[in-house]
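Going line by line, the protein sequences match chains A, B, C and D.
Under UniProt numbering, the first residue of the first sequence carries the number 1, and numbering increases by one thereafter.
Under UniProt numbering, the first residue of the second sequence carries the number 1, and numbering increases by one thereafter.
Under UniProt numbering, the first residue of the third sequence carries the number 1, and numbering increases by one thereafter.
Under UniProt numbering, the first residue of the fourth sequence carries the number 1, and numbering increases by one thereafter.
The beta-carbon is built from N, C-alpha and C at its ideal position, and this holds for glycine as well.
4 protein chains.
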Amino acid sequence: MTRTADTWILAAQCPSLLGTVDVVTRFLKEQRCYITELNSFDDRLNERFFIRAEFRPLENDFSVEAFEESFGARAVEFDMSFELTPPNKRTKAVIMVSKADHCLNDLLYRYRTHQLPMEICAVVSNHPDLEPLAQWHGLPWHYLPVTPESREQQERQILQIIEQTDAELVILARYMQVLSANMCDVLAGRAINIHHSLLPGFKGAKPYHQAYEKGVKLVGATAHYINNDLDEGPIIAQGVETVDHAHYPEDLVAKGRDIECLTLSRAIGYHLERRVFLYSGRTVVLGH
Amino acid sequence: MTRTADTWILAAQCPSLLGTVDVVTRFLKEQRCYITELNSFDDRLNERFFIRAEFRPLENDFSVEAFEESFGARAVEFDMSFELTPPNKRTKAVIMVSKADHCLNDLLYRYRTHQLPMEICAVVSNHPDLEPLAQWHGLPWHYLPVTPESREQQERQILQIIEQTDAELVILARYMQVLSANMCDVLAGRAINIHHSLLPGFKGAKPYHQAYEKGVKLVGATAHYINNDLDEGPIIAQGVETVDHAHYPEDLVAKGRDIECLTLSRAIGYHLERRVFLYSGRTVVLGH
Amino acid sequence: MTRTADTWILAAQCPSLLGTVDVVTRFLKEQRCYITELNSFDDRLNERFFIRAEFRPLENDFSVEAFEESFGARAVEFDMSFELTPPNKRTKAVIMVSKADHCLNDLLYRYRTHQLPMEICAVVSNHPDLEPLAQWHGLPWHYLPVTPESREQQERQILQIIEQTDAELVILARYMQVLSANMCDVLAGRAINIHHSLLPGFKGAKPYHQAYEKGVKLVGATAHYINNDLDEGPIIAQGVETVDHAHYPEDLVAKGRDIECLTLSRAIGYHLERRVFLYSGRTVVLGH
Amino acid sequence: MTRTADTWILAAQCPSLLGTVDVVTRFLKEQRCYITELNSFDDRLNERFFIRAEFRPLENDFSVEAFEESFGARAVEFDMSFELTPPNKRTKAVIMVSKADHCLNDLLYRYRTHQLPMEICAVVSNHPDLEPLAQWHGLPWHYLPVTPESREQQERQILQIIEQTDAELVILARYMQVLSANMCDVLAGRAINIHHSLLPGFKGAKPYHQAYEKGVKLVGATAHYINNDLDEGPIIAQGVETVDHAHYPEDLVAKGRDIECLTLSRAIGYHLERRVFLYSGRTVVLGH
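Laid out in structure tokens, this is it:
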């Protein structure tokens, strides 16, 4: 699971077709790359193929450009999209928050202890409360308040930060604003949200209060890519906790915090390790 | 948790009022009953009080009638309803099934190994398939097929069986028919259903197929009292299992079976041990 | 996860060496076999490689003999052992029990509902109690009582049954006898035991009583291949349940039953689906 | 579960005797205290009784001294020890750490967000590494390095800090030193340690490495009161996580961190809410 310092990742997907595995594994063999972990899955209902390989080049002259060019030439025959990730890759990320600090605190702890291979380029918030937390970790802080009237402009500013920092990933760590359709489109497949319910149950606002009303015996959280359909994006990870009658809404909120943190950080880990494949509104998560 | 052969259970509920605990515990002391386990809960949002005591009479002349009369006289001042359950109590139950046998098989195993303190008086089904299973356990079998036209009559027959056997509990162990409003009313608070989703998510038919469509990473089951609002009855217990992209709908169905069995039998156990209190569309489950 | 009716399984292991994946996947491609699921793992501490592929031959003339011969010729260069499993394979198994019936009941239910792809050839017991259960399922029953003096002879009889039925798998479903070193040797890698603790904690007799003494808050079960070192065989699966102070030893026993059943059947499922690889006293379980 | 701002806690234990519940509940009634949650348990193997009540005084003139004096007079007849905890009680605590920061980080987050009703008086460490973390939270930091020769003196300094701060609770948040017998005695029943295994499995050093060697499929953590028998103190809480063959020792370490944090903070929460009763080397945890 931990990878040696010379381990690369190749992740690819394409339509189901004879030879999809072979085109990857034969190439790696030819390039003298030793595969340490390999997982592939063929979705027979959607006729789509997914593969993820961890490998170590046995020679010193491994070249990304040469690999991508040579492999690309073969992949194209399978209509295969692929991504090659180097050992030292730290994905650039922007985190968005509001007032709740538990997810941010958890992410920043994992960040500073190198548990998540990312580089946090900015923390953006529509409230000023969490600035000290970001600052203690030495992270650029952007306070961008928002009203219904200013939303369009505020989102433009956020997108500017994402562009300027070259961020590939946006993490909505309890950012309590609905994003515009345009924002969702621009961030499709690279923005992960944590919703505090077992979606699709309890969509929308105050899910723990809804859960209390129903008298549920389990509460949970869902990490998903955002899309235009609020709280309906492709699910990456879900977590759950048992509760009982003695949990008032505020107890559910408190109990939910731990599971939100764990679920969000797990989903981010999957994403950063290139385990998550997105297609037809769902995800394949390989080798977790 | 296991009780000695001389342990009684007293379960009661009433509006929140000073002295609700004392009226129970003082009486038990006066009657020279030793309390081995006691749990009470006060729902401050609904202003309702619940208490459950397990106790051993220290004298040999313990009399149910005397207890109920004396205690009843005090309970009435608190508008308290109560139920006294003797050590050897085996609640009479009728099980309703259709074609799926996993919950029935599980219940009958627990039944014949004395894990559930009930006496199964009849197994009723709208399909003939599970007769051998009931017969091997020596249980009366009633095959009552049903069509939309015959439903009223079929339900009358079922209610007759329930009456004639003096059954206090009805278990819908994957009985795949919607019950009429009248049937639900008659069985309110004493009929437990197992639904194969984490209600209120995926209500209605084919919940595992719905779950597959959504690409969820968790599936579950919900045991609840039936009421008129289909799949919305008060929840007693819920269970959950992790799944992933490789689970096709039929895999979710298979994976769900174990959790359905466990969740249903757990809910029945709570009910039989008088742990479940029903009020305002929700349950309190004490001391599980 | 469910496989189509034409899906084969290839499982193999060998020392770590460049080309281990390629030798498998290239061959499958050449044979026009479509890989629907593939998992490989390289244990860098033990320098050993494991691979498991599910595949569908695209042509009608697929021949086991030809496949094994041709692939064998290549595998030998990698010192690779492999096993090819056809779609309709039902592994022959013998189940050994004593008096406890929960695991047997669970296995027979899964057996008769085709949840485990095996053919039970015999049920062997050192006690007469569970004969009716075996008989109801139409299974050959062998009552072989045992004393310290007769153990050698009794084990010979058991081995005879295993041989005569061509059983490939032996399941110790709470068989409460210690096997001889010889018996363990003969059955190495093909006999699965369920121990009612989270090994290596609470080895030996009465683990739930040991757990009670320690006041643990979790109990569990371990399914493992048997070996000469009692309760120390390679672990295949483990399950766990929360408990508390109110659980007396007999409550732990009761609570443990469900987790024993689930853990044993899960381990057997992994074994039957050729997911388990045994080496150096440990297991790799691919793609579960 | 959350308590209103006027809720007191009464916790008591004594030998099993008729009237143990009544002596508590009758007194509360007489004092016009409304019980919102009540749990009692009688350990019939050890013949010991435990009770915990949450209650709200209905009158404004509630006096701790009067309560303790009056109730004490009755409790003495039952040889009952008890503790009365006021609504705003924040237990004074000292945290001991070494180099690992995950438990400290987690505790300090819960501390500053008021999830744990305690007042941290000091953070003590035998290494300088975690000073910035303590400082950012404005907590007194004591760097007390230790060698085998200086242990006696260092422990004296620690005990001095505990005394001077009036700390009632000591938390060993991955403090990697064995305490002396004397230190254990002095801190008996008020020092909580987190061990990174499912005790009594994998006692001693490097439990995750031991777990890897055994090829376990589950790892866990145990929070317990310290006593003279290293890693054998009374267990308060245990947590668990699934792992597989792909987890190298360092992966188990990483995976274990989350469960260590959760298990330790849960145990501390139980202790602070006066749910934990210690006797005969084991614990009763009421109403969690």
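Tell me the DSSP secondary structure of C/Ser81 in three-state form.
Locating residue 81 of chain C in the third sequence gives position 81, where the first residue counts as 1. Correct three-state label for C/Ser81: strand.
D/Val76: first and last residue of the uninterrupted beta strand (DSSP E) it sits in:
Residue numbering aside, residue 76 of chain D sits at position 76 when the fourth sequence is read from its first letter. Per DSSP, D/Val76 is not a residue of any beta strand (DSSP E), being assigned neither H nor E.
First and last residue of the uninterrupted alpha helix (DSSP H) at D/Glu59
Taking the fourth sequence and counting its residues from 1, the one referred to as residue 59 of chain D is at position 59. Taken as a continuous stretch (DSSP letters only), D/Glu59 belongs to no alpha helix (DSSP H), as it is neither H nor E.
Going along chain C in order, which residues have a C-beta closer than 9 Å to the C-beta of B/Gln115?
Here residue 115 of chain B corresponds to residue number 115 of the second sequence, with the count starting at 1. Going along chain C in sequence order, the residues near B/Gln115 (Cβ under 9 Å) are Ala254 and Arg257.
In angstroms, rounded to a whole number, what distance separates the CA positions of C/Thr263 and A/Ile51?
Indexing the third sequence from 1 puts residue 263 of chain C at position 263. Indexing the first sequence from 1 puts residue 51 of chain A at position 51. The straight-line gap from Cα to Cα measures roughly 30 Å.
Closer than 8 Å to chain B by CB, C/His271
Position 271 of the third sequence holds residue 271 of chain C. No, its Cβ sits nowhere closer than 8 Å to a Cβ of chain B.
Can you give me the C-alpha to C-alpha distance between C/Tyr143 and C/Pro128, rounded to a whole angstrom?
In the third sequence, counting from the first residue as 1, residue 143 of chain C sits at position 143. In the third sequence, counting from the first residue as 1, residue 128 of chain C sits at position 128. Approximately 6 Å between the Cα atoms of the pair.
For a cutoff of 8 Å on Cβ pairs, would you count C/Asp251 as touching chain B?
The residue given as residue 251 of chain C occupies position 251 in the third sequence. Yes, contact with chain B.
Taking buried to mean at least 16 other C-beta atoms within 10 Å of its own C-beta, is D/Gly220 buried or exposed?
Translated into the one-based positions of the fourth sequence, residue 220 of chain D becomes position 220. That one is buried.
Name, please, each residue of chain C whose Cβ falls closer than 9 Å to the Cβ of B/Leu262.
Translated into the one-based positions of the second sequence, residue 262 of chain B becomes position 262. Against B/Leu262, the close residues of chain C are Asp258 and Leu262, in the order they occur along the chain (beta-carbon pairs closer than 9 Å).
Amino acids of chain C, ordered along the chain, whose beta-carbon sits closer than 7 Å to that of D/Leu198:
Residue numbering aside, residue 198 of chain D sits at position 198 when the fourth sequence is read from its first letter. Neighbours of D/Leu198 on chain C, chain order: Leu198, Gly201 and Leu218.
Provide the residue(s) that pair with A/Val284 in DSSP beta bridges, ordered along the chain.
Within the first sequence, the letter at position 284 stands for residue 284 of chain A. Partner(s): A/Phe277.
Can you name, in chain order, every residue of its own chain whose Cβ lies under 7 Å from the Cβ of C/Glu47, other than the five neighbours on each side?
To locate residue 47 of chain C, count along the third sequence from 1; it is residue 47. Closer than 7 Å at the Cβ level, and outside the excluded window around C/Glu47, lie Pro15 and Ser16.
Using DSSP bridges, identify the partner residues of D/His142.
Locating residue 142 of chain D in the fourth sequence gives position 142, counting from the first residue. BP columns for D/His142 point to D/Val124.
Starting from C/Glu241, follow the beta strand (DSSP E) in both directions and report where the run begins and ends.
Mapped onto the third sequence, residue 241 of chain C falls at position 241. Residues Ile235 to Thr242.
Measuring straight from C-alpha to C-alpha, what distance separates A/Gly204 and C/Asn228?
Locating residue 204 of chain A in the first sequence gives position 204, counting from the first residue. Locating residue 228 of chain C in the third sequence gives position 228, counting from the first residue. When rounded, the distance between both Cα atoms is 58 Å.
Beta-carbon separation of B/Gly215 and B/Tyr225 under 8 Å?
Numbered from its first residue, the second sequence carries residue 215 of chain B at position 215. Numbered from its first residue, the second sequence carries residue 225 of chain B at position 225. Going by C-beta atoms, B/Gly215 is not nearer than 8 Å to B/Tyr225.
What are the boundary residues of the beta strand (DSSP E) that includes C/Tyr208?
Walking along the third sequence from the start, residue 208 of chain C turns up at place 208. Note, C/Tyr208: premise wrong, no beta strand (DSSP E); alpha helix (DSSP H) at Pro207 to Lys214.
Counting only C-beta atoms, is D/Ser40 closer than 8 Å to chain B at any point?
Residue numbering aside, residue 40 of chain D sits at position 40 when the fourth sequence is read from its first letter. True, the Cβ-Cβ gap to chain B drops below 8 Å.
Check whether the Cβ of B/Ile9 lies closer than 8 Å to any Cβ atom in chain A.
One-based indexing of the second sequence puts residue 9 of chain B at position 9. No, B/Ile9 does not count as interfacial toward chain A.
Just the chain F side, please: which residues come within less than 7 Å of B/Asp22 by C-beta, in chain order?
You won't find chain F in this structure, because its protein chains are A, B, C and D.
Inspect the beta-carbon positions of B/Ile171 and B/Met96 and report whether they are closer than 8 Å.
Taking the second sequence and counting its residues from 1, the one referred to as residue 171 of chain B is at position 171. Taking the second sequence and counting its residues from 1, the one referred to as residue 96 of chain B is at position 96. Going by C-beta atoms, B/Ile171 is nearer than 8 Å to B/Met96.
Taking Cβ positions only, does B/His247 come closer than 8 Å to chain C?
The residue you call residue 247 of chain B lines up with position 247 of the second sequence. Yes, B/His247 lies at the interface with chain C (some Cβ there is under 8 Å from its Cβ).
Chain-ordered chain B contacts of A/Asp244 [CB-CB under 7 Å]:
Translated into positions along the first sequence, residue 244 of chain A becomes position 244. Neighbours of A/Asp244 on chain B, chain order: Val285.
Could you confirm whether any beta carbon from chain B is found closer than 8 Å to the beta carbon of D/Glu59?
Against the fourth sequence, residue 59 of chain D aligns to sequence position 59. For D/Glu59, the answer is no, since every Cβ of chain B falls outside 8 Å of its Cβ.
Would you identify the three-state DSSP class for D/Leu252, choosing helix, strand or coil?
If you number the fourth sequence from 1, residue 252 of chain D lands on position 252. The answer is helix: DSSP assigns D/Leu252 an H, G or I state.
Whose Cβ in chain A lies nearer than 8 Å to the Cβ of D/Asn182?
By 1-based counting over the fourth sequence, the position of residue 182 of chain D is 182. Under the 8 Å cutoff, chain A gives no residues; its nearest Cβ is about 35 Å from D/Asn182.
Exposure label - D/Gln271; buried when at least 16 CB within 10 Å:
Within the fourth sequence, numbered from 1, the residue matching residue 271 of chain D stands at position 271. Reading off the sequence shown, one finds His at residue 271 of chain D, where the question assumed Gln. So D/His271 counts as buried.
Kindly indicate if chain A contains any beta-carbon less than 8 Å away from that of B/Lys206.
Stepping through the second sequence from its first residue, residue 206 of chain B is reached at position 206. It does not: the Cβ of B/Lys206 has no partner Cβ on chain A nearer than 8 Å.
Which residues in the same chain as D/Pro200 place their Cβ atom closer than 8 Å to its Cβ, once the five residues preceding and following it in sequence are excluded?
Taking the first residue of the fourth sequence as position 1, residue 200 of chain D is located at position 200. Here the set comprises Asp231 and Glu232.
Starting from C/Asp22 and walking both ways along the alpha helix (DSSP H), at which residues does that stretch end?
Working through the third sequence from its first residue, we reach residue 22 of chain C at position 22. Here the alpha helix (DSSP H) through C/Asp22 covers Thr20 to Glu30.
If you draw a straight line from the alpha carbon of A/Met1 to that of A/Arg44, how long is it in whole angstroms?
Walking along the first sequence from the start, residue 1 of chain A turns up at place 1. Walking along the first sequence from the start, residue 44 of chain A turns up at place 44. When rounded, the distance between both Cα atoms is 28 Å.
7 Å CB neighbourhood of D/Ile235 in its chain, flanking five on each side removed:
Working through the fourth sequence from its first residue, we reach residue 235 of chain D at position 235. Short of 7 Å from the beta carbon of D/Ile235, and not among the five residues preceding or following it, lie these beta carbons of its own chain, in chain order: Leu199, Thr222, His224 and Thr283.
Do C/Phe277 and C/Gln13 have their C-beta atoms within less than 8 Å of each other?
Taking the third sequence and counting its residues from 1, one reaches residue 277 of chain C at position 277. Taking the third sequence and counting its residues from 1, one reaches residue 13 of chain C at position 13. Yes; because the gap between Cβ atoms is below 8 Å, this pair is in contact.
Simplified DSSP assignment, three categories, for A/Ile268:
Stepping through the first sequence from its first residue, residue 268 of chain A is reached at position 268. Three-state result, A/Ile268: helix.
Please determine whether the Cβ atom of A/Leu133 lies at a distance below 7 Å from any heavy atom of the ligand SAM.
Ligands are entirely absent from the displayed structure, and the ligand SAM is therefore not among its contents.
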